[in-house]
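Chains A and B supply the protein sequences, listed in that same order.
Last residue of the first sequence? That's 516 in numbering that gives the first Met the number 0, and every number before it is there in order.
Last residue of the second sequence? That's 203 in numbering that gives the first Met the number 0, and every number before it is there in order.
These notes are about the structure you will find just below.
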Amino acid sequence: MEGDSQRASASWENGTLAPGEHLRSDRADSPLPGLVEGTEPGAGQKSAMFVHAQSFEDLTAEAEEEVRREAEINKSGDGEEELKVLVGEKEQHSSDMTSESRTKEEDVTSEAWRSHRKHVFVLSDAGKPIYTRYGTEEALSSTMGVMMALVSVVEAEKNIIRSIQADGCKVVFLTKSPLVLVGVSRTCQSDKELLRELHYIYYQIVSLLTLTQLNNIFKNKQNYDLRRLLAGSEYLTDNLLTRLERDPGLLLSAVTCLPLASSTRDTVSSSLQAAKSKNLVFSILLAGDRLVTLLRKKDQFLHHIDLHLVFNLVGSSSSFREGEGWTPICLPKFNTAGFFHAHISYLEPASELCLILVSTDREDFFNMSDCKKRFMERLSKRSAYPALKEALKSPTYSVEQVGIPELRHFLYKSKSSGLYTSPEFPDVYKSDCEQERLMGLYQDLHSSLHHPTRPLRYVYRCGDTENLLAWVTSGFELYLCFSPLGTKALAVAAVTKLLKWIRKEEDRLFILSPLTY
Amino acid sequence: MSAMRVDAKVVMLGKESVGKTSLVERYVHHRFLVGPYQNTIGAAFVAKPIQVGEKVITLGIWDTAGSERYEAMSRIYYRGARAAIVCYDLTDGSSFQRARFWVKELQNCEEHCKIYLCGSKSDLISQDRSLRQIDYHDAQDFADEIGAQHFETSSKTGTNVDELFQKVAEDYNSNAFQEMKPEETSVDLSQKKDSYFYSCCHNN
């Protein structure tokens, strides 16, 4: 088992994403869990759309290499006490200077502030606050100073601080010079999961500025206040953090599609394909948080992290609803050095359908505007637009359609396509609080499947409120949620049945034939 | 969207949160959105036809983001603009400094662009005079000095908003027949191909 998982991740290390041709030849009608990547339900037929489609490992691999090089620091016992003393002391200090100045913002000395489940802080190498999820940066400057001190002290011994386990609370550090990111969590997520989330925040910042600009700024002025440049973007980071808690796509490193008849999807894709332009690299059509189609230049692949950043940008702002947006955006997994320029517009002001055209040329606005116009014309001419609008009315499906009585919810990810599918939350999980709880359970399972040293292939867990099964193979990742009355035998039988159902519906649920220009 | 000919490029400039987007929103959609402040990402473009005498002139309005982050990009938005609406917040002194910066920038880089100085949020002043940070006459003096038109507007009530854009369109109309350098003519969405004439100095 150990060997298997090693092999599976090793085969992706060279960075190519399309599975070997020999793997695609046979697509079994009744897929069995023994499927290899490229033949599982939902796998693309021609080529995949994303880079490193199963790149959960890819996301954290870099950080892990550092660990291999440097000895891991286990700061327990003394270290823990030390931190408490330091933090306690510092927070007393900050209370003096902040108590009068802030009324609207949350009081960082209050119990409420301390008891948030997850804090995220971003600071510069010089210890200057850049972002905090709760409270204001000014009020936390001394606390962030302590964080920086911890990083520096360990660095002075030619080592890297990774995490601190304190009582009921975990502190994870990510040093990405010139930035330092710190997560403080009361959840039971593993270090690796928390680190993954910090990486997302890091990429969010890079996507606004580019790494080149970031480095230049701090090279010229070490104690620069980066908040000046990030002003007005805090809500993007806030929203990304909420997404990390709610959106299965960020957990699975995958994207979900709008269920759509394959003939309609093909028409939409080919209409978009026809509206090409010299500098156009990616065309993305979204319906809310769901992908309708994605076109790319040949040999250029989009990374799902970059796509999630685009989703976040579009979803966080209502300003694209009117007129046409034109914004520089860095796609950090593509290239951290430069900006792309994105033309963002909704097909209609009240529509959910948003078209994003990514160009390399910052003067390309009117070309992109013209591409959109051509796409719309073609779409109407081939009368795919009404069908597309019809599909928007049912952007999701209920789990009953699968026909497995005890099954409440599931997440299924096809590894080779980087796409996942999931039914709507049933009534039991309709509330935000219940949804987050279920997502938390999935996250736990995910942690177990992707444990850095002891990854599991199957997990079955019985609880008071639900039973869960998670299963990872080289082709797919599957998370199932059953009613607490279900049995293990039933759960195992459900897997085959579910896979058969997904195979039957894959035309509608996945993008099987992605196009290029 | 149907093919639309844009006659005059108009660019909105000014410090963040002075209300550039609200001004455009009021003018184009006749509404004022109440809600948490949302900054513009990059820039937004909207084309708006306006009646001037017998003629219909289409303004292509570029609503730019005020954030410093996008400053390096601003050149592409004001290049070739026939009018720039430089906004400042009547209740924020620093926004006027920023407006001076933009005026200087335009004078240096875009001498054919007409400048309209616009003090925003005048409804706040009429509610409470003590909120005013920028004296009307100081702003007017500055406008005279740079040869700009000066308006005080409220996007919330709509005061002076239509007047501002009407003035922009009228000025364009009366200057339209004056000689202009060819590459500064308006952008034509429907007949892009014809512009190959002077395309050697652009990268399209």
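C-beta atoms are modelled at their ideal positions from N, C-alpha and C, and glycine is treated no differently.
Since we're looking at a predicted model, the values are computed, not measured.
Query	Result
What residues are listed by DSSP as bridge partners for aspartate 123/A?	Rather than aspartate, the amino acid found at residue 123/A in this sequence is serine. DSSP lists Leu178/A as partners of serine 123/A.
Can you find a CB in chain B that lies within less than 8 Å of the CB of proline 327/A?	yes
Below 9 Å between beta carbons is the criterion; list the residues of the region 31-47 of chain B that meet it against any residue of chain A, in chain order.	Leu32, Gly34, Pro35, Tyr36, Gln37, Asn38, Thr39, Ile40, Gly41, Ala42, Ala43, Phe44, Val45, Ala46
Would you kindly work out how many angstroms separate the C-alpha atoms of glycine 287/A and lysine 54/B, rounded to a whole number?	40 Å
Can a CB atom of chain B be found closer than 8 Å to the CB of arginine 373/A?	no
Extract the residue ranges of the beta strand (DSSP E) inside the region 296-330 of chain A, only unbroken runs of 3 or more that lie entirely within it.	323-328
With DSSP as the reference, identify every bridge partner of serine 119/B, one or two as the case may be.	Asp88/B
Distance cutoff 8 Å, beta carbons only. Does alanine 230/A sit that close to anything in chain B?	yes
Would you tell me roughly how many angstroms separate the C-alpha atoms of aspartate 224/A and isoleucine 129/A, rounded to the nearest one?	7 Å
Please identify, using Cβ separations under 9 Å, the residues of the region 351-365 of chain A that lie next to chain B, in order along the chain.	Asp360, Arg361, Glu362, Asp363, Phe364, Phe365
Looking at chain C, which residues of the region 8-28 of chain B have a Cβ within less than 9 Å of any of its Cβ atoms?	The question asks about chain C, but that chain is absent: this structure's protein chains are A and B.
Would you mind stating whether leucine 123/B and leucine 130/B have Cβ atoms separated by less than 8 Å?	yes
Hey, would you say isoleucine 355/A sits closer than 8 Å to isoleucine 283/A, going by beta carbons?	yes
Leaving aside the five residues before and after phenylalanine 95/B along the sequence, list all residues of the same chain whose C-beta is less than 6 Å from its C-beta, in chain order.	Tyr87, Ile133
Using a Cβ distance threshold of 8 Å, determine whether the region 213-231 of chain A contacts the region 464-483 of chain A, with at least three qualifying pairs required.	no
Using beta carbons (cut-off 8 Å, strictly below), is glycine 322/A in contact with chain B?	yes
Only counting runs of 4 or more residues, tell me where the alpha helix (DSSP H) segments fall wholly within the region 11-98 of chain B, in order along the chain.	19-28, 73-77
Suppose you measure from the CA of proline 184/A to the CA of arginine 289/A; what does that come to, to the nearest Å?	Correcting the residue type first, residue 184/A is serine in the shown sequence and not proline. For serine 184/A and arginine 289/A, the distance between alpha carbons rounds to 29 Å.
Relative to chain A, which residues along the region 50-69 of chain B have a C-beta separation below 9 Å, given in chain order?	Ile60, Trp61, Asp62, Ala64, Gly65, Ser66, Glu67, Arg68, Tyr69
Determine, for arginine 227/A, whether the minimum Cβ-Cβ distance to residues of chain B falls below 8 Å.	yes
So leucine 308/A and tyrosine 202/A are in contact, right, with Cβ under 8 Å, and what is the actual spacing, rounded?	6 Å
DSSP on lysine 412/A, reduced to helix/strand/coil?	strand
Comparing alpha-carbon positions, which option in Pro483/A, Thr472/A, His449/A lies nearest aspartate 463/A?	Pro483/A
On the CB-based measure, 16 or more other CB atoms within 10 Å of its CB, does valine 17/B come out buried or exposed?	buried
Run through chain B and tell me which residues come within less than 9 Å of leucine 312/A, C-beta to C-beta.	Ile40
Just the chain A side, please: which residues come within less than 8 Å of isoleucine 84/B by C-beta, in chain order?	Result: empty, since nearest Cβ-Cβ is about 16 Å, beyond 8 Å.
Bridge partners for glycine 111/B per DSSP, in chain order?	What sits at residue 111/B in the sequence shown is histidine, not glycine. For histidine 111/B, which the question treats as bridged, DSSP gives no partner whatsoever.
Spatial neighbours of valine 102/B within its chain, please: C-beta separation below 7 Å, excluding the five flanking residues on both sides.	Val85, Ile114, Ile145
In the DSSP assignment, find the beta strand (DSSP E) that holds glutamate 476/A and state where it starts and stops.	475-481
I need the straight-line Cα distance from arginine 242/A to phenylalanine 141/B, nearest angstrom please.	48 Å
Please name the residue, chosen from Ser416/A, Ser415/A, Leu437/A, Ser413/A, that lies closest to phenylalanine 424/A on a Cα-to-Cα basis.	Leu437/A
For proline 385/A, which of helix, strand or coil comes out of DSSP?	helix
Is there contact between the region 108-128 of chain A and the region 168-187 of chain A, where contact requires at least three CB pairs shorter than 8 Å?	yes
State the start and end residues of the unbroken alpha helix (DSSP H) segment that holds histidine 445/A.	431-448
According to DSSP, which residues form a beta bridge with isoleucine 343/A?	Gly324/A, Ile355/A
Can you tell me which of the three DSSP states glutamate 88/A falls into?	Per-residue confidence for glutamate 88/A stands at a pLDDT of 38, beneath the threshold of 50, marking its modelled position as unreliable; no derived number is given.
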